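Q:
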Amino acid sequence: MPAASQAPGIATDLHGHTFFSDATASPEEYVAARAAAGLRLIAISDHDLMAGVRRGARAAMDAGMRLLPAMEATAMVGFGTKEAEQFHILAYFPPRFLDGGQLEQTFLYQRGLRVQERFRLFMLDWLASLHAEDRVAIDPFGTLAATPASSFPGLHLLVQRVSTRRSQVFRHFIRCHVRFWTEDRELFGWSPEELIDAIRADGAIDIVAHAARYRDKERLARVLLGASGVEVYTSRHRPEWAARFRAFAEEHGKLWTASTDDHQRGAYAAPPAHTPAWVVERLLDESLPKEWLEPAAQGQVAAAAASP
Ligand SMILES: [Zn+2]
Ligand SMILES: [Zn+2]
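Counting in the working numbering, the sequence shown runs from 72 upward without gaps.
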């Protein structure tokens with residue numbers, strides 16, 4: 072392998088979800104699992120919102136790690152057609168956006184608040200469409216309707232609530248909920264290229280998530296060439312796919328990252344490789360802490376990553 076493979080790496084996990092979207096962990100539990108794995112730099116990248124970022128950043132700081140404010144933003148190819156397909160673009164802000172209220176001023180953060188509001192209305196509409204006995208079983212005291220968007224349960228918590236309290240309407244719920252992403256052109260009808268432009272205009276860096284997952288390979292190739300980087304290691308990539316995207320990134324000078332896309336469906340396992348130090352430096356937009364580059368601090372994951 073070329074010299075780039077021997078370049079220093081940093082133990083990261085830059086892609087994963089909390090109960091603010093479709094996973095089960097609180098931001099604090101999410102951070103604790105990564106602290107136990109000895110990671111240096113992490114991100115919470117919930118779908119289209121950043122509701123868990125500040126809690127996660129506090130917990131990460133307490134655990135001696137850094138957290139990048141992030142989001143996994145949804146773009147659509149072929150919106151409104153039978154071939155419609157989601158493309159997921161990770162947006163990473165430098166940590167200095169956590170100072171003051173800078174993060175909350177960004178377009179993506181504000182879009183996240185709109186997503187939360189629309190999600191709440193969408194779910195309350197669905198609830199209102201049910202027979203009274205189904206509705207009462209799911210929300211006996213009408214507390215959901217009284218819950219503001221900022222603390223309204225995310226998708227995973229709603230799935231849990233419906234499946235445990237009223238399994239009769241669970242299939243109906245699952246069929247309906249996808250319309251949230253497929254019918255709202257203003258929020259989710261953006262092309263990957265438009266979304267990447269918006270991410271950059273916000274001062275964030277765009278990385279294409281789980282690149283092997285998309286059906287439209289021809290479009291993927293174009294998106295990758297235009298993007299700043301690609302997620303190479305993720306639980307959704309087989310080792311040979313990761314190797315292919317890593318070679319692509321090294322050939323084209325793209326950023327590449329090591330992450331998990333963890334939804335807490337099993338015990339936490341850190342990525343099988345590290346993210347290159349130069350990429351981490353670009354994402355932080357500041358020099359790396361010296362202690363991150365000391366070989367003694369690299370841990371066993373580095374040794375595993377160095378041998379192909
Ligand atoms: Zn995704
Ligand atoms: Zn994800």
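In this text, a Cβ means the ideal position worked out from N, Cα and C, and glycines have one as well. All values derive from a computational prediction rather than experimental measurement.
Got a list of residues with beta-carbon closer than 5 Å to any non-hydrogen atom of ligand 2, in chain order?
A: Any residue whose Cβ sits closer than 5 Å to a heavy atom of ligand 2 makes the list: E143, D332.
Q: Specify, as a first and last residue, the run of the beta strand (DSSP E) that A314 falls within.
A: Stepping through the sequence shown from its first residue, residue 314 is reached at position 243. From DSSP, A314 is part of no beta strand (DSSP E) but of the alpha helix (DSSP H) over 310-323.
Q: Is any heavy atom of ligand 1 found at a distance shorter than 6 Å from the C-beta of A280?
A: Residue numbering aside, residue 280 sits at position 209 when the sequence shown is read from its first letter. Yes.
Q: In the DSSP output, which residue or residues are listed as bridge partners for E289?
A: Position 218 of the sequence shown, counted from the first residue, corresponds to residue 289. According to DSSP, which records beta bridges pairwise, E289 is partnered with nothing at all.
Q: Please check the pair M147 and F259, which I expect to be a contact at CB under 8 Å, by giving their CB distance rounded to whole angstroms.
A: Within the sequence shown, residue 147 is the residue found at index 76, counting from 1. Within the sequence shown, residue 259 is the residue found at index 188, counting from 1. Confirmed, about 6 Å.
Q: Regarding H308 and ligand 1, is the C-beta to nearest heavy atom distance less than 6 Å?
A: Counting from one through the sequence shown, the residue named residue 308 turns up at place 237. Because no heavy atom of ligand 1 lies under 6 Å away, the Cβ of H308 does not count as near it: no.
Q: In this structure, does DSSP put T95 in helix, strand or coil?
A: Working through the sequence shown from its first residue, we reach residue 95 at position 24. Looking at T95 - three-state DSSP - the assignment turns out to be coil, as it is neither helix nor strand.
Q: Identify the residues that DSSP records as bridge partners of Q335: which are they?
A: Your numbering for residue 335 matches position 264 in the sequence shown. DSSP lists no partner for Q335.
Q: What span of residues does the beta strand (DSSP E) with R137 cover, start to end?
A: Mapped onto the sequence shown, residue 137 falls at position 66. 137-148 is the extent of the beta strand (DSSP E) around R137.
Q: On the DSSP bridge assignment, give the partners of H345 in chain order.
A: Counting from 1 along the sequence shown, the entry for residue 345 is found at position 274. Answer is none; H345 lacks a bridge partner.
Q: Can you tell me whether K325 is buried or exposed, with buried defined as 16 or more other CB within 10 angstroms of its CB?
A: The residue labelled residue 325 in the question sits at position 254 within the sequence shown. By the neighbour-count rule (16 or more Cβ atoms within 10 Å), K325 is buried.
Q: Could you give the residue range of the alpha helix (DSSP H) that holds L161?
A: Taking the sequence shown and counting its residues from 1, one reaches residue 161 at position 90. L161 -> not in any alpha helix (DSSP H); beta strand (DSSP E) instead, spanning 156-163.
Q: Cα separation between R111 and G213?
A: Position 40 of the sequence shown, counted from the first residue, corresponds to residue 111. Position 142 of the sequence shown, counted from the first residue, corresponds to residue 213. Each residue's alpha carbon lies about 43 Å from the other.
Q: Return the CA-CA distance between L364 and S358, expressed in angstroms with no decimal places.
A: Counting from one through the sequence shown, the residue named residue 364 turns up at place 293. Counting from one through the sequence shown, the residue named residue 358 turns up at place 287. Roughly 11 Å separates the two Cα atoms.
Q: Under 8 Å Cβ to Cβ from Q239, same chain only, skipping five residues before and after it: list those, please.
A: On the sequence shown, residue 239 is found 168 positions in, with the first residue counted as 1. So the qualifying residues of the chain are D205.
Q: Ignoring anything shorter than 4 residues or poking outside the segment 193-222, list the alpha helix (DSSP H) runs there in chain order.
A: Within the segment 193-222, the complete alpha helix (DSSP H) runs of at least 4 residues are 203-209, 214-217.
Q: Does the distance from the CB of A346 to the CB of A329 come in under 7 Å?
A: Reading the sequence shown from its first residue, position 275 is the one you call residue 346. Reading the sequence shown from its first residue, position 258 is the one you call residue 329. Correcting the residue type first, residue 346 is Thr in the shown sequence and not Ala. Contact flag set, yes.
Q: By the 10 Å Cβ neighbour count, where 16 or more other Cβ atoms means buried, how is S221 classified, buried or exposed?
A: Walking along the sequence shown from the start, residue 221 turns up at place 150. So S221 counts as exposed.
Q: Verify the contact flag: H159, CB atom, against every heavy atom of ligand 4, threshold strictly below 6 Å.
A: Only ligand 1 and ligand 2 can be found as ligands here, which leaves ligand 4 out of the picture.
Q: Taking the straight line between their C-alpha atoms, what separation do you get for L85 and A269?
A: Counted from its first residue, the sequence shown places residue 85 at position 14. Counted from its first residue, the sequence shown places residue 269 at position 198. The alpha-carbon atoms of L85 and A269 are separated by roughly 20 Å.
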